[in-house]
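Read the structure below first, then the notes.
In the working numbering, the protein residues as written are 1134 to 1674.
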């Protein structure tokens, strides 16, 4: 609503609301800070877990930032942006979601103080942009190159990503699995290496313990062998991958067959059987002794395959078929007439196993699989889910190192060093932007401070000791040892993180904070009236 010559002029629809100027900025910043405070206490090895109960009563217990923000139903538009920060971080690098959200919240908190001192939002945004760009440059120069053959270093990176997960003594076992899996599926594209974690299948099954989680050099198909007369185990398997139905398909057009006497009926049925027998003969002629089919397999075809001693599985997911092709080296064939010996995949062992209550088919011992599987075991459903999240983080960080083979020291060490260097840079920039760059530098100090806070340490003592350590020549790798409660050389403790994760966290946080700061007007449409409850039957009198 606006006023013109004393007359109110209505522009917005009735019921719409408008919030502008300082009020809009303040409410947006407050909403974003609240979201960052939610995940702040989960940061680090001593971080706490959150229990999330959805509308159906399903419970999730986790300290994974992306999972927490994904599960909570956020309504405020500024808060939704913070959720997007976590999602972007998770999609891009798979780790560092909590760090990114905590940094974004802290940047906005410090921006609020600058706004109160009459620093213009665009000046703050420009300062944050310069600080973020400079921080990424410094990160790149401080990053320590790592060789992909150095399995010990890759294992340290994987273990660091799982430090905050409640895995107990299985962290090392999971790290070994993650490193072996990534090194198996990585491939060279041009001059650089790339590892796509979509080529690693994660299969969850309750039962046994986390230590029974295993890496399968091949693919696990969550189906059982189609016919009881088929072998349950095939060694030196030659695998036919079919995207064709092994059954007589009904014609698209409606047709009718007129039969005058019973012999014609028999001839018709015999011809169907003969066609199915021909299908099996074609499979046998190719030399295949295992058939993995994306579509259906008729009962009669199953019978003929069983007689030939062929193991068959049907209705396999398309994504699993693609993984099977990468693992066995076979080609997915859409027409049986095209099936030839060179199209077959190879596996050392194809076997049906009982896992928990279910039967599964393991295609394993593949020679050089470009796709592998991890069977995750744990005693509780919640633990299986948390183990999956931990493994995803470990796989993601090792894949990040493959993509950009540089690491930095974790435990707040790199943030403390970046903060120190950005303070020096701010003085050179000068002007009002200097205030924003200094605010950015102070924001980076939040990470070691939060680590100390979550571990029950005195954050002021820790920060004084950390700054003192980073003033020394060899202080670059000193961070917060939350277990010992003091500042130590975390490089020697094996706490390593990929440069790519830190870069993305800084970029995401700066962009989200800048976007929220530039908003000075929030216009919300009227909410639609609630729909009336459904009418029931006649009342009982």
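Note that CB positions come from ideal geometry on N, CA and C, so glycine has one too.
It is roughly 31 angstroms from the alpha-carbon of residue 1165 to the alpha-carbon of residue 1561. Distances from the alpha-carbon of residue 1449 to those of 1456, 1466, 1426 put 1426 closest. Looking at the backbone, the Cα of residue 1523 and that of residue 1330 are separated by about 14 angstroms. A distance below 8 angstroms separates the beta carbons of residue 1540 and residue 1632. Taking a C-beta distance under 8 angstroms as the contact criterion, residue 1358 and residue 1488 do not qualify as a contact pair.
Contact check between the region 1274-1293 and the region 1305-1314: three or more CB pairs, one atom from each, fall below 8 angstroms, which counts as touching. Taking 8 angstroms as the cut-off, the beta carbon of residue 1589 is found no closer than this to the beta carbon of residue 1544. Each residue's CA atom was taken as its position, placing residue 1303 and residue 1343 some 7 angstroms apart. For the 8 angstroms CB-CB criterion, residue 1169 and residue 1234 form a contact. Note on geometry: alpha-carbon atoms of residue 1187 and residue 1583 lie some 28 angstroms from one another. Residue 1424 and residue 1275 have their C-alpha atoms spaced approximately 52 angstroms apart. Listed in chain order, the non-local C-beta contacts of residue 1209 below 6 angstroms within the same chain comprise 1164, local neighbours out to five positions each way being set aside.
Taking 8 angstroms as the cut-off, the Cβ atoms of residue 1474 and residue 1465 do not count as close. With a cutoff of 8 angstroms on beta-carbon distance, residue 1421 and residue 1443 are scored as near each other. Within its own chain, the residues whose Cβ lies closer than 7 angstroms to the Cβ of residue 1243, once the five positions on either side in sequence are excluded, are 1572, 1575, 1576, listed in chain order.
The Cβ atoms of residue 1451 and residue 1332 do not sit closer than 8 angstroms to each other. The criterion of a C-beta distance shorter than 8 angstroms is not satisfied by residue 1537 and residue 1272.
Here residue 1363 is buried. Its C-beta has 16 or more other C-beta atoms within 10 Å. Taken in chain order, the complete beta strand (DSSP E) segments of 3 or more residues contained in the region 1212-1280 number zero; there are none.
Shortest Cα-Cα distance from residue 1519 to any of 1467, 1171, 1183, 1591 involves 1183.
Counted as a single uninterrupted DSSP element, the beta strand (DSSP E) harbouring residue 1369 occupies residues 1366-1375.
For residue 1481, the uninterrupted beta strand (DSSP E) segment begins and ends at 1478-1488. Under DSSP, residue 1305 takes part in no beta bridge, so it has no partner. Using a 10 angstroms sphere on the CB of residue 1485, the tally of other CB atoms reaches 16 or more, which defines it as buried. Rounded to the nearest angstrom, the Cβ distance from residue 1525 to residue 1500 is 27 angstroms, too far for a contact under 8 angstroms. Per DSSP, residue 1179 lies in no beta strand (DSSP E) segment and is marked neither H nor E.
Collapsing the DSSP output to three states places residue 1332 in a helix. Assigned with DSSP and collapsed to three states, residue 1511 falls in strand. By the criterion of at least three beta-carbon pairs nearer than 8 angstroms, the region 1589-1609 is not in contact with the region 1190-1199. Here DSSP, grouped into helix, strand and coil, assigns residue 1186 to strand.
With 16 or more other Cβ atoms from the protein chains shown falling within 10 Å of its own Cβ, residue 1173 counts as buried.
Excluding its 5 nearest sequence neighbours in each direction, residue 1467 has C-beta neighbours in its own chain below 7 angstroms: 1376, 1377, listed in chain order. In the structure shown, residue 1437 falls within a helical segment according to DSSP collapsed to helix, strand and coil. Between residue 1529 and residue 1227, the beta carbon gap of about 2 angstroms places them in contact (Cβ cut-off 8 angstroms).
Shown here, residue 1445 sits in a strand according to DSSP, grouped into three states. Residue burial is scored here from C-beta neighbours: residue 1647 has at least 16 other C-beta atoms within 10 angstroms and is therefore classed as buried.
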